[in-house]
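One structure is given below, encoded as structure tokens.
Residue numbers (our numbering), protein chains in the order written: chain A, 376 to 786; chain B, 376 to 786.
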């Protein structure tokens, strides 16, 4: 496979890369449904019975035959005889006949012979055992019919579905207290750089602490990966190769935040190309910050070279690593990226032909939310600490003018 | 304190309730920074030193005196003598004099006497030790100055800040490998209802499985609470009181999904009022689904009565429980609710004076994203399984017309 064109737009790079990736078969584990939030379903569920399993009342009132209430109003009520009460949580053997009403509570089983429920507030007790109906009921009114939510045999959940609170509820409704889910992919993270030291070390003059291993690890964990930090590696081919070989063999994906110099980046690409075929597919994105990103595949496993600057590493990961991670997780559902609508506070410049991501702070006013650019170079981590999200400046434009409505993608 | 007006708008109910809540002092624990993602900072950090701690090059190139490059261009280059190279990760003792250039890599320390860096690509080597400069450098160009990100003594993080990947990076940049965070609030969850059985039990005819305990638990855990499930309680005052007393005494907040009948809801309110003052503050919201919501306070701790219908319970929790949880967590930062912009596929009716939340499914087209209503009664959990998010129909309108642009709040 040839190396793709250099400096391609990030979204195209990612879709090309995802297409080049083989289909993934993640491992499968059975876990407790009640702890499955955020995991990915690995089995197909069919409904073993209808839901609700019996017809239930959706209000407090009287089960009736709808035709017995035909034309009823408060001035011309219908009169019915109360013949019983449905007990909550019990099967009812009561049988409703013409001219009768049976007391039923919300969630109670509809007795045989009834086809509607009149709400309590639309009735009046005349004497013990007899009521007036002040409102006609339509056939089926205030009844949740058996199978109205799910029919027997219907597909409940498909493999590749991300489990949200409602999927947990849906499984519990059928008593599925265990669920098979895909294993979270493991991601090895390396930071290279002769000037980089682990955070617990006091840096000597000229050294800086490793930030990227930890920001990326947190981001990956948020998105369903199991990150593993391999530490800081010097910018030499042999040292980097040894560390990358290990991380690559032990994980489903490998991230390398490259040393920031051009030579260090070249070493990273060279090391990646020793791992297997096809190797580096994309080297450089039409993106700022995040241009020096490498997307590579070896033995079907992704290896991503990220810029060493912390802000670039975060932006590039958000655009490239997270979609790849979704594929590794076995997620089949569409992804939507919600944003906050805001008004840009000032003009911001941009270079045409390159997608720019600009950190912004949000300010809530009485009339509108304003997005205030947090200018700062991509080396500066506190630029992002001070920001609420990013705005995207498309490649086709040369900046945005103040007052423009923008979509702010929160971190 | 008087019971607030009945059926008030949900946002007003929540803001009134938050104002009535006492200030919270959550417990504080020291945890590893690298595991602190999503937790809330409980200490004030000041920068012990500037960041970056020394002036660094942001490119690969030559450290120079800017005035030595004045007017330089490819047709009229400036000529400089290379007198050394800054080693990465080391303090440099090199001193730059007039007419000299020193090789520096990205992230390398700027040598004394230099005030700009010329990028490698704007230079050409003429002979060993001498280069042409093809572009004039401005004072400070391509230098990340000492303290440019953070000045010494500046506030880094405030108590009440939610920790995102970048906050972890910012702490690691200073070697703060431990961070004090607020303890996650514990939330006791009870489900009441004579017809409700735990999910592991095969329901008899007339019974249904408990869903709410598990959907709410998942939702709470997603949002930084420690949920504790107390199980299913019958709809009697004494049984409910016993269970609620225990959950209330053992937790920072208590949620009760009330039995669905009117009498069961009244029992819930009566039980809550036995816990302490002021008791029930809000009973009923101008909201659908979610109207029969109770917001109560006793001994400064919130007790929330939620509707028994699964969809109502989720909607009401999203609007009421989550903001209260944020306060219990000690979060001080503003909350923004991102949404996906979509076009409504069809007319939807609504009643004026009541805020409606409608589940929708998103469909991505080539031109636009469409929000397709998933109609279903609020008792039906699979309505939400089939939906991507909710749209809000404001109280002031009587429905929305197809083609309207809507904000979809993803679950």
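Think of the CB as a built atom: it goes at the ideal place given N, C-alpha and C, for glycine as much as any other residue.
All figures in this text were calculated on a predicted structure; none of them were measured in a lab.
Query raised in the report: Taking Cβ positions only, does residue 760 of chain B come closer than 7 Å to chain A?
Result: Taking 7 Å as the threshold, the shortest C-beta distance from residue 760 of chain B to chain A falls below it.
**Report entry** Interface positions of the region 536-565 of chain B facing chain A (Cβ-Cβ less than 9 Å), listed along the chain
**Finding:** Only those residues of the region 536-565 of chain B whose C-beta falls short of 9 Å from the nearest C-beta of chain A are listed: 536, 538, 539, 540, 541, 542, 543, 544, 545, 546, 547, 548, 549, 550, 551, 552.
Query raised in the report: How would you write the range of the beta strand (DSSP E) that residue 764 of chain B sits in, first residue to last?
Result: Going by DSSP, residue 764 of chain B is part of the beta strand (DSSP E) stretching over 764-768.
Query raised in the report: Is it a yes or a no for the region 620-637 of chain B touching the region 676-693 of chain B, going by three-plus beta-carbon pairs under 8 Å?
Result: With contact defined as three or more Cβ pairs closer than 8 Å, the region 620-637 of chain B and the region 676-693 of chain B are in contact.
Query raised in the report: Along the chain, which unbroken stretches of the beta strand (DSSP E) at least 3 residues long are found entirely within the region 676-718 of chain B?
Result: The qualifying runs are 676-681.
Report task. Could you round the C-beta distance between residue 671 of chain A and residue 659 of chain A to whole angstroms and report it? I think they count as a contact, below 8 Å. Result -> About 13 Å separates the Cβ atoms of residue 671 of chain A and residue 659 of chain A, ruling out a contact at the 8 Å cut-off.
Query raised in the report: When DSSP labels each residue in this structure, what does residue 470 of chain B get in the three-state scheme?
Result: Reduced to three states, the DSSP call for residue 470 of chain B is strand.
Query - Unbroken beta strand (DSSP E) run spanning residue 731 of chain B, endpoints - result: Per DSSP, the continuous beta strand (DSSP E) segment holding residue 731 of chain B begins and ends at 730-739.
Query raised in the report: At what residues does the beta strand (DSSP E) containing residue 653 of chain B begin and finish?
Result: Its beta strand (DSSP E) spans residues 653-658.
Requested in this report: Go through its chain and collect everything with a Cβ distance to residue 722 of chain A's Cβ below 8 Å, but skip five positions before and after it.
Outcome: Closer than 8 Å at Cβ, skipping near neighbours: 774, 775, 776, 777.
Requested in this report: Just the chain B side, please: which residues come within less than 9 Å of residue 524 of chain A by C-beta, in chain order?
Outcome: Under the 9 Å cutoff, chain B gives 751, 752, 754, 755, 756, 757, 758.
**Report entry** Simplified DSSP state of residue 558 of chain A, which is helix, strand or coil
**Finding:** It is coil, neither helix nor strand.
Requested in this report: Please determine, among A:710, A:415, A:574, the residue with the shortest C-alpha to C-alpha distance to residue 566 of chain A.
Outcome: Closest option to residue 566 of chain A, Cα to Cα, is A:574.
Query - Within chain B, partners of residue 435 of chain A - CB distance below 7 Å - result: Chain-ordered, the chain B residues with CB closer than 7 Å to the CB of residue 435 of chain A read 636, 637.
Query - Start and end residues, alpha helix (DSSP H) containing residue 576 of chain A - result: Neither: residue 576 of chain A is in no alpha helix (DSSP H) and is coded neither H nor E.
Query raised in the report: Can you give the Cα-Cα distance for residue 782 of chain A and residue 766 of chain A, rounded to whole angstroms?
Result: The alpha-carbon separation between residue 782 of chain A and residue 766 of chain A amounts to approximately 6 Å.
Requested in this report: Kindly indicate the opening and closing residues of the alpha helix (DSSP H) around residue 530 of chain A.
Outcome: Segment 530-532 is the beta strand (DSSP E) holding residue 530 of chain A; no alpha helix (DSSP H) there.
Query raised in the report: Do residue 443 of chain A and residue 495 of chain A come within 7 Å of each other at the CB atom, strictly closer than that value?
Result: The Cβ-Cβ distance between residue 495 of chain A and residue 443 of chain A does not fall below 7 Å.
**Report entry** chain A contact for residue 715 of chain B (CB, 7 Å cutoff)
**Finding:** Yes, because at least one Cβ of chain A sits closer than 7 Å to the Cβ of residue 715 of chain B.
Query raised in the report: Starting from residue 757 of chain A and walking both ways along the alpha helix (DSSP H), at which residues does that stretch end?
Result: Taken as a continuous stretch (DSSP letters only), the alpha helix (DSSP H) holding residue 757 of chain A covers 756-760.
Requested in this report: Leaving out five residues on either side along the sequence, give the residues of the same chain with a beta carbon under 6 Å from the beta carbon of residue 555 of chain B.
Outcome: Cβ contact annotation for residue 555 of chain B (same chain, cutoff 6 Å, sequence separation greater than five): 403, 405, 417, 418, in chain order.
Query raised in the report: So with Cβ pairs under 7 Å, would you call residue 499 of chain A a contact of chain B?
Result: The Cβ of residue 499 of chain A sits no closer than 7 Å to any Cβ of chain B.
Query raised in the report: residue 418 of chain A by DSSP, collapsed to three states: which one?
Result: Coil at residue 418 of chain A, not helix or strand.
Report task. Can you pull the chain B residues whose beta carbon is under 9 Å from the beta carbon of residue 579 of chain A, in chain order? Result -> For the C-beta of residue 579 of chain A, the chain B residues within less than 9 Å are, from N- to C-terminus, 464, 465, 466.
**Report entry** chain B contact residues for residue 597 of chain A, given Cβ-Cβ distances below 8 Å
**Finding:** Identification of chain B residues near residue 597 of chain A by a Cβ-Cβ cut-off of 8 Å yields 412, 413, 540, ordered along the chain.
Report task. Tell me residue 383 of chain B's beta-bridge partners as DSSP assigns them. Result -> By DSSP's assignment, residue 383 of chain B forms a beta bridge with B:660.
Report task. Throw me the rounded Cβ distance for the residue 768 of chain B and residue 730 of chain B pair, which I believe falls under 8 Å. Result -> The Cβ separation is near 7 Å, so the contact holds.
**Report entry** Proximity of residue 854 of chain B and residue 485 of chain B at Cβ, strictly below 7 Å
**Finding:** The structure shown does not extend to residue 854 of chain B, since chain B is modelled only from 376 to 786, so the question has no answer here.
Query raised in the report: If we count the other Cβ atoms within 10 Å of its Cβ and call it buried at 16 or more, is residue 533 of chain B buried or exposed?
Result: Exposed, since its Cβ has fewer than 16 Cβ neighbours within 10 Å.
Query raised in the report: Considering only residues of the same chain and omitting the five flanking positions on each side of residue 391 of chain B, which have a CB-CB separation below 8 Å?
Result: Excluding residues up to 5 positions away in sequence, 379, 383, 656, 657 lie with their Cβ nearer than 8 Å to the Cβ of residue 391 of chain B in the same chain.
**Report entry** Buried versus exposed call for residue 502 of chain A [16 or more other C-beta atoms within 10 Å across all chains shown]
**Finding:** An exposed status is given to residue 502 of chain A, since fewer than 16 other beta-carbon atoms sit within 10 Å of its beta-carbon.
Query raised in the report: Does residue 786 of chain A get closer than 7 Å to chain B when you measure Cβ to Cβ?
Result: It does; some Cβ of chain B falls within 7 Å.
Report task. Would you mind sorting residue 520 of chain B into buried or exposed? The rule is 16 or more other CB atoms within 10 Å of its CB. Result -> Residue 520 of chain B is exposed by the Cβ-count criterion.
Query - Exposed unless 16 or more other CB atoms sit within 10 angstroms - verdict on residue 500 of chain B - result: Residue environment: residue 500 of chain B is assigned as exposed (fewer than 16 neighbouring CB atoms within 10 Å of its CB, all protein chains considered).
**Report entry** Neighbour list for residue 584 of chain A in chain B, Cβ cutoff strictly below 9 Å
**Finding:** What residue 584 of chain A touches in chain B: 547, 548, 549, 550.
Query - Identity of the residue in A:677, A:422, A:746, A:663 nearest residue 530 of chain A by Cα - result: Minimum Cα-Cα distance from residue 530 of chain A among the listed residues A:677, A:422, A:746, A:663 corresponds to A:422.
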